Every structure is written in structure tokens, then in C-alpha cells.
Amino acid sequence: MSSSGPKQAIFAGLAEVAQALGHAHRLELLEHIAQGSRSVEELSARANLSFANTSRHLQILRRARLVDTERRGKHVLYRLAGSNEVVELMRALGRVGERNVAEINRIMTDYFHARDALEAVSRKELISRLRDGLVTVLDVRPEDEFALGHLPGARNIPLGKLEHRLTELPADREIIAYCRGPYCVLSFEAVAALRARGYLVRRLEDGYPEWKAAGLPIEAVA
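Set out below in C-alpha cells:
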């Protein structure tokens, strides 16, 4: 049988995508790009990588058509290519890893579950509670990410400023916190800090990119 038929060609293309995903730095860059379009300089600072290293990883992602570029003035910005599919691919990778990789399970238990043992709020549940006006939604990402897009009616208090802005949160109303995605530590840390101060708070099951990829309404700062 031929080893270069259409099926093999498709598998070769899929393998290129898989290879592009096969580095922790590139997965983190995709998480940052999922918040909104970013320049190489911004992504370098966010991921704590050198400019050259960031550029190299982005070119690999671009060759696999996981990201596209657009020019705005003097800057080249990177955005997800087929954002909904890439976000779902990342989520599927996470589900497989949680099921199959012992080290991931250990980290989930020792770090994430230790900070928030309660079941997270699903998107469906949050939509219902928002419709009934029962919750306050808290976005703990940095201000610039919030400005690019956020859940409707969300309040933005970045994690680093939370302790000094507690008076902005209701003490008698449930708070639902979210951040960049299912493995973003910001919302876990926010939930732990707020519960320690007596607030009724839970965490959204994932983050802004997954909400947007599900076709749910979003807002942005003009």
C-alpha cells in the first residue's frame, strides 16, 4: 500500500500542528494570545522570555497556522488563527493530560484543588445566575487584557490590587471569579484570598477565551 496517500498527507499536517504545540512556552504564548492580539514585545514580557526566543516560538506557531499576524502602525500583532478551534484544542489537550499524566494530576491536587476544593461554576450556571441578577462577576486579569474583552458586566480588579480594593466587592452577594483559562492561577489565588476574608466566592470553570469560543456575549472597553 502507498505510504503517501491522502490520509498520510493529512496525518503529516496534523503532526506539524502537534509538533507546534509540543513546547511549554508555546502553550503559554497561545494562552496569552487568546486574551487578544499582542505584539512580540508584549508577549515577550508576559511570558518572561527573550524577544528572540519569543519570535522563534511564534514563527513555529505561525507555520502551523495556529496564529496569524496583522500590522498596526509599526507593530506586528499576533492573534489566534481560527480562535475557537485553537481554544478547544488547548482545552482538549488539557483534558487528556489531566486524565493520563500523573504529574499533572499531582499539581492539580497539590496546588489548584488545595486552593479551591469547591466545584467550579459552569458557563451554563453562570449565564442563569447572571440573568437572575444573583452574582457579581470578577475579572482578575490585568487591566489591558480586560480592556480587550471580558464577560458582560464583569468588574476588573487585578489580583495584585485585590487586597487594596476589597471595598468594591459586595460582602453579601456571591462573587464568581475568572481569569485567562482553566490553568490560570490568578482566579485560584483570588478565590483563596477572598474566602479567607469571609467573602462568598466561587470560580468559573475556565476563562475568558473559553467563554468567547462558546459564542457567548462579551464586552470590550472602547
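Its first residue numbered 236, the sequence shown is counted upward by one per residue in my numbering. Beta carbons are placed, not taken as given, at the ideal position from N, Cα and C, and that holds for glycine. In this text the structure is predicted, and so the values were computed from the model without any measurement.
If you compare alpha carbons, which of the options is closest to residue i?
i: P405; options: F423, V436, D379; result: V436
i: A425; options: A259, D407, H399; result: H399
i: M250; options: R314, R300, G329, S290; result: The sequence shown places Ala at residue 250, not Met. The option with the nearest alpha carbon to A250 is R300.
i: D367; options: K359, Y413, L373; result: K359
i: L262; options: V336, S274, I295, Q243; result: I295
i: L401; options: I411, Y434, H348; result: Y434
Pull up the DSSP beta-bridge partners for residue i, would you.
i: T289; result: DSSP, once it has assigned bridges, lists no residue as partnering T289.
i: H310; result: R307
i: A412; result: L373, R438
i: R390; result: L373
i: E454; result: H385
i: R273; result: Y313
i: V226; result: Residue 226 lies beyond the residue range present for the chain, which begins at 236 and ends at 457; the question has no answer from this structure.
i: V356; result: L439
In whole angstroms, what separates the C-alpha of residue i from that of residue j?
i: G248; j: D441; result: 29 Å
i: V322; j: L265; result: 9 Å
i: L451; j: A355; result: 18 Å
i: C419; j: P393; result: 13 Å
i: L256; j: K396; result: 33 Å
i: I342; j: E445; result: 22 Å
i: A352; j: R281; result: 28 Å
i: Y443; j: V311; result: 23 Å
i: M325; j: L439; result: 17 Å
i: R306; j: A431; result: 45 Å
i: N283; j: H292; result: 13 Å
i: T304; j: R390; result: 30 Å
i: H260; j: L361; result: 31 Å
i: D314; j: I268; result: Per the sequence shown, the amino acid found at residue 314 is Arg instead of Asp. Taking the straight line from one Cα to the other gives about 6 Å.
i: H385; j: R298; result: 29 Å
Apply the 10 Å Cβ neighbour rule to residue i and answer buried if 16 or more other Cβ atoms are within range, or exposed otherwise.
i: V302; result: buried
i: A287; result: exposed
i: E276; result: exposed
i: G416; result: buried
i: T289; result: buried
i: A337; result: exposed
i: A253; result: exposed
i: T371; result: buried
i: R273; result: buried
i: S279; result: buried
Pop quiz: residue i and residue j are said to be a contact at Cβ under 8 Å. What is the actual Cβ separation, rounded to whole angstroms?
i: A382; j: A455; result: 7 Å
i: E380; j: Q270; result: 5 Å
i: A448; j: N319; result: 4 Å
i: I453; j: P377; result: Rounded, the Cβ-Cβ distance is 17 Å, inconsistent with contact.
i: L369; j: A412; result: The Cβ separation is near 15 Å, so there is no contact.
i: F423; j: R330; result: No, F423 and R330 are not in contact; Cβ-Cβ is about 18 Å, not under 8 Å.
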